[in-house]
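In what follows, a structure is listed as structure tokens, so that the remarks can point back to it.
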Amino acid sequence: MILFLSDVAGSEVLLILVFVLMFFGSKSIPGLAKTMGRTMRQIKDASQELQDEIKKSGVDIKKDLNINRMIEETVDEIERPLQDQVREMDASMRFQAPTPFHIPESPLPDPVVPATLQEDNPTDVTPEEAPKVTPKTNEEKASNKPS
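Residue numbers (my numbering): 24 to 170.
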């Protein structure tokens, strides 16, 4: 359907046809309609051609730019060094148990005991040197008892 007829009422179309008939006459209306039809067809074709070119150029621009690929490459360029840094930080933060330090065992020196303590120490006395103790009888115990 003609583009402008959707906004024009039937009475308005009738009024336009009456004016055309009065100004151009009945003999020139078929030629005028033919010319208007060709002109409208050319305008419609040109409009369609323009729309097709715009769509093609839009597709070409999208192919040339490929925005998604560029964004992904940029993100990768940014993420790669950051991920490397994170890995390095993780590696440095991991707790590594220290290797046990092995101290070679050496015999401890004998403790130095002063000579005065050595004489009084009963553990140093051999059984042959120990004084002999005789048990006391009940009478001796009673005589030692204080009265």
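By construction, the Cβ of each residue, glycine as well, lies at the ideal position given by its N, Cα and C atoms.
Beta-carbon spacing of residue i, residue j below 9 Å
| i | j | result |
| --- | --- | --- |
| V43 | L55 | yes |
Alpha carbon of residue i to alpha carbon of residue j, nearest angstrom
| i | j | result |
| --- | --- | --- |
| R61 | N89 | 41 Å |
| M112 | M93 | 29 Å |
| M59 | I66 | 10 Å |
| E95 | M63 | 47 Å |
| S70 | G81 | 17 Å |
| M45 | L73 | 37 Å |
| M116 | V109 | 10 Å |
| S49 | L40 | 11 Å |
| N91 | D30 | 43 Å |
| K86 | T97 | 18 Å |
| M24 | D75 | Residue confidence for M24 is low, a pLDDT of 47 falling below 50, so the modelled location carries little weight and cannot support an answer. |
| A32 | I84 | 43 Å |
| I101 | A114 | 21 Å |
| G34 | I77 | Position check: residue 34 holds Ser in this sequence, whereas Gly was assumed. About 38 Å. |
| F47 | D68 | 28 Å |
| I52 | K79 | 40 Å |
| N161 | E128 | 58 Å |
Residue range of the alpha helix (DSSP H) that includes residue i
| i | result |
| --- | --- |
| G48 | Looking at the DSSP string, G48 is not in any alpha helix (DSSP H), and its letter there is neither H nor E. |
| V98 | 90-116 |
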